[in-house]
Amino acid sequence: LFFVYFFFKGHGGINQLGGVFVNGRPLPNQVRQQIVQLANQNVRPCDISRQLRVSHGCVSKILGRYYETGSIRPGVIGGSKPKVATASVVEAICKYKEDNPTMFAWEIRDRLLKDQICTVENVPSVSSINRIVRNKAS
Numbered sequence: 001l002f003f004v005y006f007f008f009k010g011h012g013g014i015n016q017l018g019g020v021f022v023n024g025r026p027l028p029n030q031v032r033q034q035i036v037q038l039a040n041q042n043v044r045p046c047d048i049s050r051q052l053r054v055s056h057g058c059v060s061k062i063l064g065r066y067y068e069t070g071s072i073r074p075g076v077i078g079g080s081k082p083k084v085a086t087a088s089v090v091e092a093i094c095k096y097k098e099d100n101p102t103m104f105a106w107e108i109r110d111r112l113l114k115d116q117i118c119t120v121e122n123v124p125s126v127s128s129i130n131r132i133v134r135n136k137a138s
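Residue numbering for the sequence shown follows UniProt numbering, beginning at 1 and increasing consecutively.
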C-alpha cells in the first residue's frame, strides 16, 4: 500500500496497456533489454508492446535507437548537446555548398556521413547545418 501511495504521489500512472510508468523518467534497463531480446527473436513491436505493457511508441523508439547506435541506454534528460560543428565539419559544409549552392541541409548531412566526415553520433542536425550556412553567408 505504501508503494502505491508513493508511486501515485509522483507524476506517474498506468498506461492504456496496464503498465506502470513515471512521466519524464526512462524505462528501466531490464525492460529495455527485454524489448531488444524479444525483437531479436522476431517478435513484432506491437506484440512486444502488449506483452511488456509498454506503449508501441516507446518500443519503437528504443528499437530505433538500438538499431542505429547499438545502445539501449536512454537519452540524456536536459542539458546541452556537445558541439559537433568542428572546424573541419564547418569547412566541409561550406565546400559542399560552394560546389552546389542549391544543396539542401539534409543532403549535406547525408554527404557528411557518406564521406565519413561525421558519424551517426556526431553529425550536425539539419538546423545546425542551416545555421552554419547562414552564418558563413553573412
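C-beta: ideal position from N, C-alpha, C; glycine also. This one's a predicted model, so the numbers in the text were calculated from it and none came from an experiment.
Going by Cα to Cα distance, which pick from 66, 60, 20 is closest to residue 120?
Nearest C-alpha to residue 120 among 66, 60, 20: 66.
Look at residue 35 and residue 59 and say whether their C-beta atoms are less than 8 Å apart.
yes
In whole angstroms, what is the alpha-carbon distance linking residue 91 and residue 117?
11 Å
Where do the N-terminal and C-terminal ends of the beta strand (DSSP E) with residue 14 fall, by residue?
12 to 14
Rounded C-alpha distance that separates residue 100 from residue 132
16 Å
Is residue 20 helix, strand or coil by DSSP?
strand
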